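Novice:
Protein chains in written order, with our numbering: chain H, 1 to 314; chain U, 1001 to 1314.
#1: Please confirm if residue 80 (chain H) has its CB atom under 7 Å from at least one CB of chain U.
#2: Hey, is residue 113 (chain H)'s beta-carbon within less than 7 Å of any beta-carbon in chain U?
#3: Which term fits residue 105 (chain H), buried or exposed, when burial requires 16 or more other beta carbons within 10 angstroms of its beta carbon?
#4: Any beta carbon of chain U sitting closer than 7 Å to that of residue 275 (chain H)?
#5: Give me the chain H residues within the contact set of residue 1142 (chain U), using Cβ-Cβ distance strictly less than 8 Å, ordered along the chain.
#6: Should residue 133 (chain H) be flagged as near chain U, meaning a C-beta pair shorter than 7 Å?
#7: CB-CB under 7 Å to residue 1030 (chain U), same chain, minus the five flanking residues each way: which ones, in chain order?
#8: Could you check if residue 1306 (chain U) is buried or exposed, using at least 16 other CB atoms within 10 Å of its CB as the buried criterion?
#9: Taking just the CA atoms, how far does residue 1054 (chain U) sit from residue 1243 (chain U)?
#10: Quick check: the Cα distance between residue 82 (chain H) and residue 1194 (chain U), rounded to an integer number of angstroms?
#11: Can you name, in chain order, every residue of its own chain whose Cβ lies under 6 Å from the Cβ of residue 1277 (chain U), other than the five neighbours on each side?
#12: What does a CB cutoff of less than 6 Å around residue 296 (chain H) pick up in its chain, not counting 5 residues either side in sequence?
#13: Quick one: does residue 1083 (chain U) have its CB under 7 Å from some CB of chain H?
#14: Helix, strand or coil: which one does DSSP assign to residue 1124 (chain U)?
#15: Terminal residues of the continuous alpha helix (DSSP H) containing residue 1310 (chain U)?
#16: Curious, which full-length beta strand (DSSP E) runs of at least 3 residues does the segment 1096-1146 of chain U contain?
#17: How about residue 77 (chain H): is its C-beta nearer than 7 Å to some C-beta of chain U?
#18: Tell me, please, whether the segment 1127-1143 of chain U touches the segment 1066-1076 of chain U by the rule of three or more beta-carbon pairs shorter than 8 Å.
#19: Just to confirm, are residue 1016 (chain U) and residue 1201 (chain U) a CB contact at a threshold of 7 Å?
#20: To the nearest angstrom, how far is it from the Cα of residue 1008 (chain U) to the Cα of residue 1197 (chain U)?
#21: Going by alpha carbons, who is nearest to residue 1144 (chain U) out of U:1137, U:1227, U:1158?
#22: For residue 123 (chain H) and residue 180 (chain H), what's the separation of their Cα atoms in angstroms?
#23: Can you pull the chain U residues whose beta carbon is under 8 Å from the beta carbon of residue 155 (chain H), in chain order?
#24: If you measure beta-carbon to beta-carbon, which residues of the segment 1091-1124 of chain U are closer than 9 Å to chain H?
#25: Going by the beta-carbon positions, is the gap between residue 228 (chain H) and residue 311 (chain H) smaller than 7 Å?
#26: Residue 48 (chain H) versus chain C: which residues are under 7 Å apart at the beta carbon?
#27: Can you pull the chain H residues whose beta carbon is under 7 Å from the beta carbon of residue 1088 (chain U), in chain order?
#28: Are residue 1018 (chain U) and residue 1057 (chain U) touching if we call contact CB-CB under 7 Å?
#29: Between residue 1185 (chain U) and the rest of its own chain, which residues show a CB-CB distance below 7 Å, the 5 nearest in sequence each way excluded?
#30: Among H:222, H:43, H:52, H:279, which one has its Cα closest to the Cα of residue 173 (chain H)?
#31: Skipping 5 residues on each side, what residues in its chain have a beta carbon closer than 7 Å to that of residue 88 (chain H)?
#32: Helix, strand or coil for residue 149 (chain H)? Go by DSSP, reduced to three states.
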């Protein structure tokens, strides 16, 4: 159980968070890191259980991620999708031939009664990933987007409608009955734990589901180690995805201050980009100013080191 | 509803039957043929509904079948299976990347509440197949193999164990509650119907499930058109598959006579191979002696014509 001896835990959604997870994974000795990943994006598609954020983290760590898309695998083939289109099937969610095996094998094991966390840890290990990739919960939590025109499934909103509808509210269906994955609590209880990090994922869509699993936020807060978030904004914009758009729709200012306020009561420090250095004094918690854009492997690694060093000072 | 104006119905399992279906399909004007196909081999695999015999018939008619294997598609890629193996998933049932789309889209539509027959007719049409491909029933019927060591799922017996266990008995789970697919009854009721044919598929594993769907055998018999079977044996051997082995295990002689006795009360005539001409007088029904090996497209077409001509004499 590598997660029970974690020195660092990082909370992550998809692409932005996954890159910080990868930087930390490269920075730390094998087995020192546990990634706690959002499953609010999970959905059943074509009879298969798809875990988009979990898979992005696993593929990123395994060196299999597609850097151009932020989802799926590189060097992928698309024969399945070609025939699916010919058969009149739904093509708005793209499933590569190799990627499909992940969803099919996950589904098979879930149907056989294994918990999602056990399946995920094992599938990641089989792809050579030494970092524990832990879904936030084994129960089904489904992020739903409330718009003026009604309620949308997350993937409907995010992929099919390209995050275009205006968000009024975000809810997490099933969250009341969800419990933290056992492996998540074990990682938090690790006697070696030194820091908990919140990756630069979308706070509302990707991190909030994790923090909303009953007991998880408290367990992290009570653990007594520094908790540091990396701000997902650079100069008021998200690197990728609709974070800034959603903040505007929710009536928030697109600033590190708003992010710090969102995580208020949880974090002990915030890492912000050089472009936002003027906000450093306004975050209510100590801020570390550095370059946060992870556009190269070297940048991931450097940021990981800086975030850990910053956490060590708190 | 092309099936409601069928002139010929043919009962079929996988490869042998599918070849006769294809010969008839080439011989007859578009829309004149309806294939009534075994679904006792259907099973859930990796969360997907797989219909092996139905797909073999569809792929054969669409010109997509793999002649080397008797299952799956030609010019297929196997990236899904490669990753599935890496993930520790089950690899005994081979699913090609393109073939997978059929199972996924079928599963999606079944979960959405459509009946199997409607989904099947539509998927076949989308692959350009003008012959109605009709599953015997919309309900779940599962062929099970009773051996001295217990009961086996059909695919477990047929694919994973390569039909090696000795058969004691064959049962069709769910058959009591099954009803003939509506499209099947419509085809049988077609005012244009001239003949019902039984393809050279395995009588015990592939044709018996169809004949066991309550009401189907009677509806065919009462329809009053000639019913003709093509013997699946040539010189006491099956062209492909375990028919002869199963007949021996069931204590039967591997002869056209035993096949005729098996279909006794149903058929009005039997088509047997030249190699078996000595059996012609012993079948209890009129026999047509011809070359039954469908090793080329021309042979399929010729046999189809001969079978129809023979039925026309009865």
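The beta-carbon is built from N, C-alpha and C at its ideal position, and this holds for glycine as well.
A quick note: this is a predicted structure, and the numbers were derived from the prediction, not measured.
Specialist: Reading off the structure:
#1: yes
#2: no
#3: buried
#4: no
#5: Here the premise fails: no neighbours, minimum Cβ distance about 17 Å.
#6: no
#7: 1130
#8: buried
#9: 19 Å
#10: 39 Å
#11: 1289
#12: none
#13: yes
#14: helix
#15: 1297-1312
#16: 1132-1135
#17: yes
#18: no
#19: yes
#20: 8 Å
#21: U:1158
#22: 20 Å
#23: By Cβ distance, chain U contributes nothing, its closest Cβ being about 14 Å from residue 155 (chain H), past 8 Å.
#24: 1095, 1096, 1097, 1098, 1099, 1100, 1101, 1102, 1103, 1104, 1105, 1106, 1107, 1108, 1109, 1110, 1111, 1122, 1123
#25: yes
#26: Looking at the structure shown, chain C is missing, and the protein chains on hand are H and U.
#27: 126
#28: yes
#29: 1219
#30: H:43
#31: none
#32: coil
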